[in-house]
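Asks:
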């Protein structure tokens, strides 16, 4: 049987290259944007960190989408499904690899933010001094930042589990339907997915809007329960995914 570590290395190698390509493309776009600004009107205060943040947001979603595609290929390709390993271990290895590569991408974004923030230190200091709002202590600010990070990671994990659930459910359903009926079922399932994704997005925005009040108001337990709830949903979906892999999902020849 193939070990978890061996499969992690195999899956991680291609995804590491993929993430690096996205990072290089992001850096190239940031550089071109700044060079254009320099050539036309010069780089103003705050523009360095502003451009970095502006291109970082789409890069995060592109990385999430591309890793999701890589994630789903594992479940329906002979190359991976014929590896001597149990479905549970295959699913966990695949999800953990995707999560680790996403963390790696996030760490690179953090480094970029730190570099640009250091370069724009005086501008940011002035900007923060002019801003009005709740006066958070360093500890409270750290709690809020940590809460945002934990909730975001939990939602991304649930996102991958949900995408896999839809993909595997569609694949399993197609095995029992004639070709004519498959498209209709696929459309219905994808409509359900869009609805679920919209609900998750609304929940995420609601939690982020209330995050400052929850953490500074001593309601950390409630927020942690919300995060745990997201992870429980991801766990339930993962159990269903493994069941579908074991029973009904067929592979596609390479």
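Numbering (my numbering), first residue to last: 11 to 264.
Just so you know, even glycine gets a beta-carbon here, dropped at the ideal spot from N, CA and C.
Determine contact between the segment 110-129 and the segment 16-35, defined as no fewer than three beta-carbon pairs at a distance below 8 Å.
Replies: Cβ pair count under 8 Å is three or more, so yes.
Asks: Roughly how many whole angstroms lie between the Cα atoms of residue 178 and residue 60?
Replies: Residue numbering aside, residue 178 sits at position 168 when the chain shown is read from its first letter. Residue numbering aside, residue 60 sits at position 50 when the chain shown is read from its first letter. About 40 Å.
Asks: Given a threshold of 16 other Cβ atoms within 10 Å of its Cβ, counted over all protein chains shown, does residue 52 qualify as buried or as exposed?
Replies: The residue labelled residue 52 in the question sits at position 42 within the chain shown. Exposed is the call here.
Asks: Does the Cβ of residue 231 have 16 or more other Cβ atoms within 10 Å, making it buried, or fewer, making it exposed?
Replies: Walking along the chain shown from the start, residue 231 turns up at place 221. That one is exposed.
Asks: Exposed or buried, what is residue 105 when buried is set at 16 or more other beta-carbons lying within 10 Å of its beta-carbon?
Replies: For the purposes of this step, residue 105 is identified with residue 95 of the chain shown, where counting begins at 1. Label assigned to residue 105: buried.
Asks: With burial defined as no fewer than 16 other Cβ atoms inside 10 Å of the residue's Cβ, what is the status of residue 205: buried or exposed?
Replies: Residue numbering aside, residue 205 sits at position 195 when the chain shown is read from its first letter. That one is exposed.
Asks: Between which residues of its own chain and residue 195 is the CB-CB distance below 8 Å, once the five residues before and five after are set aside?
Replies: The sequence position of residue 195 within the chain shown is 185, counting from 1. For residue 195, where only same-chain residues beyond five positions count, the Cβ hits under 8 Å are 180, 183, 184 and 187.
Asks: Just to confirm, are residue 73 and residue 121 a CB contact at a threshold of 8 Å?
Replies: If you number the chain shown from 1, residue 73 lands on position 63. If you number the chain shown from 1, residue 121 lands on position 111. For residue 73 and residue 121, no; Cβs fall outside 8 Å.
Asks: Any contact of the segment 96-105 with the segment 238-256, i.e. 3+ C-beta pairs under 8 Å?
Replies: Taking 8 Å as the limit for Cβ pairs, the verdict is that the segment 238-256 does touch the segment 96-105.
Asks: Leaving out five residues before and five after residue 160 in sequence, what residues of the same chain have Cβ atoms less than 7 Å from its Cβ?
Replies: Walking along the chain shown from the start, residue 160 turns up at place 150. Excluding residues within five positions, the ones whose Cβ falls inside 7 Å are 237.
Asks: For residue 32, collect the residues of the same chain with a Cβ closer than 8 Å to its Cβ; drop the 5 residues on either side in sequence, then sort them by chain order.
Replies: What you label residue 32 is simply residue 22 of the chain shown in a count that begins at 1. These residues qualify, in order along the chain: 69, 72, 73, 76 and 115.
Asks: Do residue 164 and residue 241 have their C-beta atoms within less than 8 Å of each other?
Replies: Here residue 164 is taken as the residue at index 154 of the chain shown, counted from 1. Here residue 241 is taken as the residue at index 231 of the chain shown, counted from 1. Yes, the pair counts as a contact, with Cβ atoms nearer than the cut-off.
Asks: Name the residue from 91, 56 and 66 whose alpha carbon lies nearest to the alpha carbon of residue 137.
Replies: Along the chain shown, read from residue 1 onward, the residue named residue 137 stands at position 127. Comparing Cα-Cα distances from residue 137 to each of 91, 56 and 66, the minimum goes to 56.
Asks: Going by C-alpha distance, which of 18, 243 and 36 is nearest residue 118?
Replies: In the chain shown, the residue the question calls residue 118 occupies position 108. Here the closest residue by C-alpha is 36.
Asks: Buried or exposed for residue 251, going by 16 or more other Cβ atoms inside 10 Å?
Replies: In the chain shown, counting from the first residue as 1, residue 251 sits at position 241. Looking at its Cβ environment, which holds 16 or more other Cβ atoms inside 10 Å, residue 251 is buried.
Asks: When the Cα atoms are used, what is the spatial distance from residue 92 to residue 82?
Replies: Here residue 92 refers to the residue found at position 82 when the chain shown is read from its first residue. Here residue 82 refers to the residue found at position 72 when the chain shown is read from its first residue. Rounded to the nearest angstrom, the two C-alpha atoms are 15 Å apart.
Asks: Near residue 126, what residues of its chain come up, given a Cβ to Cβ distance below 6 Å and the 5 sequence neighbours on each side ignored?
Replies: Looking up residue 126 in the chain shown gives position 116. Excluding sequence neighbours, residue 126 sits near 58, 59 and 62.
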